[in-house]
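Written out below as structure tokens is the structure these notes cover.
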Amino acid sequence: MSSQLMSVAGLEAFYGDAQVLFGVDLELHEGEVVGVLGANGAGKSTLMKAITGLLPVAQQSIRLRGEAIGGRAPGEIVRKGVAMVPEGRRLFPSMSVEENLQMGAFAKRPGRWNLDEVYKLFPILKEKRKQPSTSLSGGQQQQVAIGRALMSNPDVLLCDEISLGLAPIVIREIYDSLPDITADGMSVVVVEQDVTLAQQCSERLYCFQEGRVALQGESRQLTRDQISHAYFGI
Amino acid sequence: MFEVIIHGVLLGGLYSLFALGLSLMFGVMRLTNIAHGDQIVISGFIGIAIASVVNINPFLLIVFLVPCALVSGYAFQYFVLNRTLGKDPLPSLVITFGLSIIAQNLLQEIFSANPRSLDSGGLNTLGFGITSDMTVGVLPLIILACAIACTFGLQWMFQHTALGRAFRAVSDEKDIAELMGLNSSKVYSMATALAFALVALAGLFQSMRTTVAPTDGPSLLLFAFESVIIGGMGSFWGTFLGAMTLGLAQQIGFYFDPGWGIWFGHLVFIAILAFKPNGLFPKTVG
Numbered sequence: 026m027s028s029q030l031m032s033v034a035g036l037e038a039f040y041g042d043a044q045v046l047f048g049v050d051l052e053l054h055e056g057e058v059v060g061v062l063g064a065n066g067a068g069k070s071t072l073m074k075a076i077t078g079l080l081p082v083a084q085q086s087i088r089l090r091g092e093a094i095g096g097r098a099p100g101e102i103v104r105k106g107v108a109m110v111p112e113g114r115r116l117f118p119s120m121s122v123e124e125n126l127q128m129g130a131f132a133k134r135p136g137r138w139n140l141d142e143v144y145k146l147f148p149i150l151k152e153k154r155k156q157p158s159t160s161l162s163g164g165q166q167q168q169v170a171i172g173r174a175l176m177s178n179p180d181v182l183l184c185d186e187i188s189l190g191l192a193p194i195v196i197r198e199i200y201d202s203l204p205d206i207t208a209d210g211m212s213v214v215v216v217e218q219d220v221t222l223a224q225q226c227s228e229r230l231y232c233f234q235e236g237r238v239a240l241q242g243e244s245r246q247l248t249r250d251q252i253s254h255a256y257f258g259i
Numbered sequence: 014m015f016e017v018i019i020h021g022v023l024l025g026g027l028y029s030l031f032a033l034g035l036s037l038m039f040g041v042m043r044l045t046n047i048a049h050g051d052q053i054v055i056s057g058f059i060g061i062a063i064a065s066v067v068n069i070n071p072f073l074l075i076v077f078l079v080p081c082a083l084v085s086g087y088a089f090q091y092f093v094l095n096r097t098l099g100k101d102p103l104p105s106l107v108i109t110f111g112l113s114i115i116a117q118n119l120l121q122e123i124f125s126a127n128p129r130s131l132d133s134g135g136l137n138t139l140g141f142g143i144t145s146d147m148t149v150g151v152l153p154l155i156i157l158a159c160a161i162a163c164t165f166g167l168q169w170m171f172q173h174t175a176l177g178r179a180f181r182a183v184s185d186e187k188d189i190a191e192l193m194g195l196n197s198s199k200v201y202s203m204a205t206a207l208a209f210a211l212v213a214l215a216g217l218f219q220s221m222r223t224t225v226a227p228t229d230g231p232s233l234l235l236f237a238f239e240s241v242i243i244g245g246m247g248s249f250w251g252t253f254l255g256a257m258t259l260g261l262a263q264q265i266g267f268y269f270d271p272g273w274g275i276w277f278g279h280l281v282f283i284a285i286l287a288f289k290p291n292g293l294f295p296k297t298v299g
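Top line first, the protein sequences correspond to chains A and B.
In our numbering, each number is its position in the first sequence, counted from 1, plus 25.
In our numbering, each number is its position in the second sequence, counted from 1, plus 13.
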């Protein structure tokens, strides 16, 4: 068993007075791909926002290599090695493809990823690097969003619903790039609504239901019935 | 008519210096600074006050006051305006409106209500003839050249530098920019620092070219605002051309009747707001 990289313990999160996460526990080991599965409103994206510092949470509830990082500023967390591909891509619309990627390198850490490496992973982006990011197809925009997150050379990559709104063949293409990304030991958390995708790409799986972890285990050992039960509550 | 156009363009140069700072702050953080005009007047009065104590070349004054404006703009945004920003635009409007009133009253208290001007060392009366019956002032030409340089500089900086990219990033997607490691309050503060530098320039030129009085601020704000709206948000050349349009409109008004100039400018502004609400030169790409 590889060593623990990030841990979430008893995480509670709120939007105003409304509580969204009720004591979530989650672990991520070095070089591991973990899937987070759940329906709309189960708290998956809230978990991502809490980890990246976009949502204030208790300091002790999130640890990276043992250091408590909960509630730190997003800029501080990305410098410590956690980057996110946000839900809905959220590219900078006024910028070209290459400028978007360069923004990702604002808090650059040492490592493999740079413009050339991203272009090697997604060759179409090199062709379109001078184009406005808004002129790209959805799948290409998703590639920019992934490349942008990689540019900071994170140890932990959080992918929030990268299949959202994309055609199945494009989704397949995006997910096929994951092994290349994790090849040199990057840990990935993949948030998904699609059970098959989440189960196939991950080593361990967490199913969220109404702000709690309803089920967790080795992805290949969980049965469809168990997951459906945790997913839909039936 | 040729004379009217020349003078309209020269006036437009001054107005674009009024408007660029407003355009910059609005573009980067959707913040409307109601005290913008009063800050132009303040910098004019600071120049006049310094010139009354020490005998200084007005252009040296610019070299001294612009860096001061950078620092005070940064501090003003960092310590005051950043606390007012949020989903609701009202707090920043109320704060800057209040500052506008305070500034006008303080200036009246210190300098009395009289209009004053900054001695440009004879530059304001210097001119050369381009036709037998028409002369062009050197100072307005310097102002126009300065306005073009500032517009070009800002646009270039936005498109080609890391700072410009940071400005666009926080303007596009503030949360995501912060995820990338940008500190949006510092980026905002740099935007206001630059806006204040432009304000200082505008104030000194305004007080050299004509006069400044403590209660001039709101009308200067109005000219700046009209320029930005006429030009269309989102590009500095748009703002520049908006200021040109306003300057021309006012000069055409003045040509028909000395009392019509400002009024004619407002008419053109309202017409554009009615028929082309996105402005004459809205941003299309990039």
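Positions of the beta carbon are idealized from the N, C-alpha and C atoms, including for glycine.
- Excluding residues up to 5 positions away in sequence, Gly40, Pro295, Lys296 lie with their Cβ nearer than 8 Å to the Cβ of glycine 247 of chain B in the same chain.
- Using a CB distance cut-off of 8 Å, glycine 251 of chain B does not count as an interface residue toward chain A.
- For the pair threonine 207 of chain A and glycine 56 of chain A, the CB atoms are nearer than the 8 Å cut-off.
- By the beta-carbon neighbour count (other beta carbons within 10 angstroms, threshold 16), glutamine 166 of chain A is buried.
- If you look at arginine 229 of chain A, you'll find it in the beta strand (DSSP E) that goes 229-234.
- Here alanine 190 of chain B carries a helix assignment [DSSP, helix/strand/coil].
- In summary, valine 181 of chain A is buried, with 16 or more beta-carbon neighbours lying within 10 Å of its beta-carbon over all protein chains present.
- In the three-state DSSP reduction, glutamine 90 of chain B falls in the helix class (H, G or I).
- About 45 Å separates the beta carbons of tyrosine 268 of chain B and asparagine 95 of chain B, which is beyond the 8 Å limit, so they are not a contact pair.
- Under the Cβ criterion of 8 Å, glutamate 123 of chain A is not counted among the residues facing chain B.
- Interface residue (Cβ-Cβ distance to chain A less than 8 Å): arginine 129 of chain B is not classified as such.
- Judged by beta-carbon spacing, valine 58 of chain A lies within the 8 Å limit of cysteine 226 of chain A, meaning their Cβ atoms are closer than that value.
- Across the segment 90-118 of chain B, no CB contact with chain A closer than 7 Å is found for any residue.
- Residue state for leucine 27 of chain B is assigned as helix, using DSSP reduced to three classes.
- An exposed status is given to proline 271 of chain B, since fewer than 16 other beta-carbon atoms sit within 10 Å of its beta-carbon.
- A Cβ-Cβ distance of about 4 Å is found for the pair leucine 30 of chain B and alanine 215 of chain B, placing them in contact under the 8 Å criterion.
- Look at the segment 182-197 of chain B: the residues with a C-beta under 8 Å from a C-beta of chain A are Ala182, Ser184, Asp185, Glu186, Asp188, Ile189, Ala190, Glu191, Leu192, Met193, Gly194, Leu195, Asn196.
- As DSSP reads the structure, phenylalanine 58 of chain B sits in no beta bridge.
- Note on geometry: alpha-carbon atoms of serine 86 of chain A and aspartate 250 of chain A lie some 31 Å from one another.
- Positions of the alpha helix (DSSP H) runs, each at least 4 residues long and wholly inside the segment 158-206 of chain A, are given as 163-175, 193-201 in order along the chain.
- Residue state for glutamine 156 of chain A is assigned as coil, using DSSP reduced to three classes.
- Residue state for phenylalanine 147 of chain A is assigned as coil, using DSSP reduced to three classes.
- Interface annotation, arginine 178 of chain B: in contact with chain A, CB-CB separation under 8 Å.
- With contacts defined as CB atoms closer than 8 Å, serine 240 of chain B and threonine 223 of chain B fail to qualify as a contacting pair.
- One finds nothing in chain B with a Cβ atom closer than 7 Å to the Cβ of valine 49 of chain A; even the nearest lies about 21 Å away.
- Its chain contains Val54, Ala126, Asn127, Pro128, Arg129 as the residues whose beta carbon lies nearer than 8 Å to that of alanine 226 of chain B, once the 5 sequence neighbours on both sides are disregarded; these appear in chain order.
- Its chain contains Gln234 as the residues whose beta carbon lies nearer than 7 Å to that of glycine 258 of chain A, once the 5 sequence neighbours on both sides are disregarded; these appear in chain order.
- Taking the Cβ atoms as the reference, arginine 88 of chain A lies roughly 5 Å from serine 32 of chain A, within the contact range of under 8 Å.
- Secondary structure within the segment 64-120 of chain B: the alpha helix (DSSP H) runs of 4 or more consecutive residues, fully enclosed, are 71-92 (chain order).
- Counted as a single uninterrupted DSSP element, the beta strand (DSSP E) harbouring phenylalanine 39 of chain A occupies residues 29-40.
- With a threshold of 8 Å between beta carbons, arginine 249 of chain A makes no contact with chain B.
- Using a Cβ distance threshold of 8 Å, arginine 181 of chain B and serine 119 of chain A count as a contacting pair.
- Under DSSP, glycine 56 of chain A takes part in no beta bridge, so it has no partner.
- In this structure, A/Ser177 is the residue among A/Lys145, A/Ser177, A/Ala239, A/Gly236 with its C-alpha nearest to the C-alpha of alanine 190 of chain B.
- Of the residues assessed, phenylalanine 92 of chain B falls on the exposed side of the cut-off, its CB having fewer than 16 other CB atoms within 10 angstroms.
- Less than 8 Å divides the Cβ of alanine 174 of chain A from the Cβ of alanine 108 of chain A.
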